[in-house]
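2 protein chains.
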Amino acid sequence: MALWFTEQHTDDVRFSIHIKEQLYSGKSYYQQIEVFDSYEFGRVLVLDGYIMLTEKDEYIYHEMMVHVPMACNPDIRRVLVIGAGDGGTVRELCRYDSITQIDMVEIDEQVVKVCKEYLPQTACRLEDPRVHIYYEDGLKFVRRVEDTYDLIIVDSTDPFGPGEGLFTKEFYGNCFTALREHGILTNQHESTYYDSYTSMVSRTHRRMRSVFPVAMVYQAHIPTYPSGHWLFGFASKNIHPVYDFKPEIWEQLGLETKYYNTQLHTGCFALPNTVREVLEHA
Amino acid sequence: MALWFTEQHTDDVRFSIHIKEQLYSGKSYYQQIEVFDSYEFGRVLVLDGYIMLTEKDEYIYHEMMVHVPMACNPDIRRVLVIGAGDGGTVRELCRYDSITQIDMVEIDEQVVKVCKEYLPQTACRLEDPRVHIYYEDGLKFVRRVEDTYDLIIVDSTDPFGPGEGLFTKEFYGNCFTALREHGILTNQHESTYYDSYTSMVSRTHRRMRSVFPVAMVYQAHIPTYPSGHWLFGFASKNIHPVYDFKPEIWEQLGLETKYYNTQLHTGCFALPNTVREVLEHA
């Protein structure tokens with residue numbers, strides 16, 4: 001059947017995927033939510049016209065958001081996840097027995113409902129007893145928290161629409177306060193390849209750097225995101241993601257991963273010069 | 001204007017770019033050659049319907065093909081380039097004063113003519129006095145060469161059509177013979193993300209490994225290639241690309257690059273687990 005979903009990566013670049021069927025379409029208070037089944041990528045979650053995840057490659061994003069910080073500090077117990085309504089980040093976190101508490105703050109309850117029904121691959125661990133879901137604005141949630149979390153993962157949409165507040169300096173400042181002594185924050189950090197995204201990367205990096213003593217950027221290949229070259233932020237009070245990284249401890253856990261490994265952990269912080277320049281001039 | 005060029009990355013995935021105008025279209029003895037001018041990527045070279053390069057990101061491919069091996073052995077003097085009709089690989093090689101001879105073997109003279117006219121960004125150094133162009137089949141050329149080159153770069157099209165012979169075991173064996181004592185070979189090595197490409201990666205790696213004592217794979221982000229995650233082969237008689245790498249020597253050259261740097265040199269050999277598995281089972 002010739003049903004195609006097309007995302008405009010820029011005004012002049014289109015990425016199109018062949019669809020088997022549309023499984024869900026609905027509008028929540030915050031955004032347009034769609035789930036498609038596709039021939040190449042399995043099921044696909046689309047919010048406001050942008051691909052959020054596909055079953056074929058969501059593991060790349062979720063592994064890189066979770067295992068990079070987890071491998072930097074084996075003593076992480078309490079985790080705050082902001083956004084992440086599809087459940088993929090929580091799924092990866094639940095693989096660590098050492099984690100005792102996962103608070104997830106998702107603004108849009110409808111996303112969680114839809115993912116539970118149509119995307120069990122990512123939503124499969126949202127019922128874990130360590131997981132507590134708060135349906136509210138992450139920006140407001142962190143305002144009232146102090147010295148509580150070892151790790152905050154900001155698994156948000158882009159810096160416009162419902163996710164906009166999660167890229168502000170005020171938000172990062174509150175995250176700093178909400179983190180404990182060795183706290184780490186990771187977030188999705190957009191991409192520099194297309195000019196229309198570059199300013200978001202530099203603005204986000206500038207704000208994180210102004211709040212956290214350690215503020216770095218790492219990369220992964222995510223074929224279904226614009227340009228396929230996606231960036232993540234790593235910020236912390238005092239843990240350096242490469243110098244303080246102890247690969248042996250993480251390897252002893254015996255977790256099987258499809259993208260992440262301890263060699264790649266170091267490698268993903270080696271950025272191309274074009275990206276370095278954007279960050280240095282941020 | 002609504003003129004779009006579409007490449008089918010698989011039967012079920014399309015990548016489309018907005019075109020300003022078609023600058024050239026012609027059929028050589030070997031292939032269909034097209035040059036477009038596009039809004040997002042500048043000029044684009046298309047062979048038999050596949051994007052070979054765009055002005056926006058060709059630097060990634062060419063820098064990674066050239067600087068990775070060059071930074072492993074500062075004594076490289078004589079280089080054989082197979083394919084590479086667009087001139088981008090030769091342009092990067094010409095930046096090294098230490099190189100005394102660049103033999104380029106391109107099967108399709110028409111590609112070189114078209115690139116000289118429409119793609120001066122890549123073809124700009126083909127008149128360098130060290131460059132000798134042979135219009136013939138690279139497979140046959142290497143059969144008659146022994147102990148001559150320090151570096152062979154196989155900058156070919158995909159392993160079907162005119163480039164097919166450049167992925168055979170016989171070809172790699174002849175390259176081994178054509179290389180001198182510390183010889184290195186790099187090649188474009190396809191991608192594992194889409195199933196339709198995976199078997200080409202494993203077959204190519206298996207053949208290179210059967211001929212060369214050192215046979216590794218490294219990666220780069222090339223947004224205009226299928227999946228954006230592209231692989232390169234590094235094979236040598238005795239030089240290891242990471243353990244024998246001396247970053248200080250390369251940095252002393254003072255070459256400015258847009259993608260490659262010495263930290264990324266090591267990082268690009270850190271492959272995701274899915275790629276590692278394909279290579280281990282090759």
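Line order of the protein sequences matches chains A and B. Residue numbers for the first sequence, in UniProt numbering: 1 to 282. Residue numbers for the second sequence, in UniProt numbering: 1 to 282. Even glycine gets a Cβ: it sits at the ideal position worked out from N, Cα and C. Being a predicted model, the structure only gives us computed values, none of them experimental.
State the beta-bridge partners of residue i as determined by DSSP.
{"i": "Arg14 (chain A)", "result": "A:Gln8, B:Ser16"}
{"i": "His221 (chain B)", "result": "B:His229"}
{"i": "Gly26 (chain A)", "result": "A:Ile33"}
{"i": "Met216 (chain A)", "result": "A:Phe234"}
{"i": "Val154 (chain B)", "result": "B:Ile82, B:Asn187"}
{"i": "Glu21 (chain B)", "result": "B:Asp37"}
{"i": "Leu139 (chain B)", "result": "Bridge partners of Leu139 (chain B): none, in fact."}
{"i": "Leu3 (chain A)", "result": "A:Ile19"}
At what residues does the beta strand (DSSP E) containing residue i begin and finish?
{"i": "Val81 (chain A)", "result": "78–83"}
{"i": "Thr186 (chain A)", "result": "179–188"}
{"i": "Val46 (chain A)", "result": "42–47"}
{"i": "Tyr50 (chain A)", "result": "50–54"}
{"i": "Val105 (chain B)", "result": "101–105"}
Under DSSP, the alpha helix (DSSP H) around residue i begins and ends at which residues?
{"i": "Glu146 (chain A)", "result": "Element bounds for Glu146 (chain A): n/a, residue is neither H nor E."}
{"i": "Met65 (chain A)", "result": "58–70"}
{"i": "Ser199 (chain B)", "result": "195–211"}
{"i": "Tyr134 (chain B)", "result": "No alpha helix (DSSP H) holds Tyr134 (chain B); the beta strand (DSSP E) holding it covers 131–134."}
{"i": "His265 (chain B)", "result": "262–267"}
{"i": "Lys237 (chain A)", "result": "Looking at the DSSP string, Lys237 (chain A) is not in any alpha helix (DSSP H), and its letter there is neither H nor E."}
{"i": "Asn273 (chain A)", "result": "273–280"}
{"i": "Val111 (chain B)", "result": "109–118"}
{"i": "Thr89 (chain A)", "result": "88–93"}
{"i": "Glu127 (chain A)", "result": "First-last for Glu127 (chain A): undefined, no H or E at that position."}
{"i": "Pro247 (chain B)", "result": "247–252"}
Just confirm the distance between the C-beta atoms of residue i and residue j, as a whole number of angstroms; I'd bet it's less than 8 angstroms.
{"i": "Ser38 (chain B)", "j": "Val44 (chain B)", "result": "5 angstroms"}
{"i": "Ala270 (chain A)", "j": "Gly267 (chain B)", "result": "3 angstroms"}
{"i": "Pro272 (chain A)", "j": "Leu264 (chain B)", "result": "6 angstroms"}
{"i": "Val111 (chain A)", "j": "Gly85 (chain A)", "result": "4 angstroms"}
{"i": "Ile17 (chain A)", "j": "Asp12 (chain B)", "result": "7 angstroms"}
{"i": "Leu279 (chain B)", "j": "His205 (chain B)", "result": "5 angstroms"}
{"i": "Phe232 (chain B)", "j": "Asn187 (chain B)", "result": "7 angstroms"}
{"i": "Leu119 (chain B)", "j": "Leu139 (chain B)", "result": "Not confirmed; about 25 angstroms, so no contact."}
{"i": "Pro247 (chain B)", "j": "Met216 (chain B)", "result": "Wrong, their Cβ atoms sit about 17 angstroms apart, outside the cutoff."}
{"i": "Tyr194 (chain A)", "j": "Arg78 (chain A)", "result": "About 37 angstroms separates the two Cβ atoms, so there is no contact after all."}
{"i": "Pro159 (chain A)", "j": "Tyr30 (chain A)", "result": "Going by Cβ atoms, the distance from Pro159 (chain A) to Tyr30 (chain A) rounds to 15 angstroms, so no, they are not a contact pair."}
{"i": "Ser196 (chain B)", "j": "Thr10 (chain B)", "result": "6 angstroms"}
{"i": "Ile82 (chain A)", "j": "Arg130 (chain A)", "result": "That belief does not hold up - the Cβ atoms of Ile82 (chain A) and Arg130 (chain A) are roughly 17 angstroms apart, past 8 angstroms."}
Cβ of residue i versus every heavy atom of the ligand MN: is any distance shorter than 7 angstroms?
{"i": "Tyr172 (chain B)", "result": "Although the ligand MN was asked about, the structure shown includes no ligands whatsoever."}
**Q.** Validate contact between the segment 169–189 of chain A and the segment 64–77 of chain A using beta carbons, cut 8 angstroms, 3 pairs
**A.** yes
Q: Could you tell me whether the segment 154–161 of chain B touches the segment 112–124 of chain B, where touching means 3 or more Cβ pairs closer than 8 angstroms?
A: no
Q) Is the segment 54–64 of chain A touching the segment 215–223 of chain A, taking contact as three or more C-beta pairs under 8 angstroms? A) yes
Q | At least three beta-carbon pairs within less than 8 angstroms, the segment 168–179 of chain A to the segment 205–218 of chain A | A | yes
Q. Using 8 angstroms as the Cβ pair cut-off and three pairs as the minimum, do the segment 139–148 of chain B and the segment 92–100 of chain B touch?
A. no
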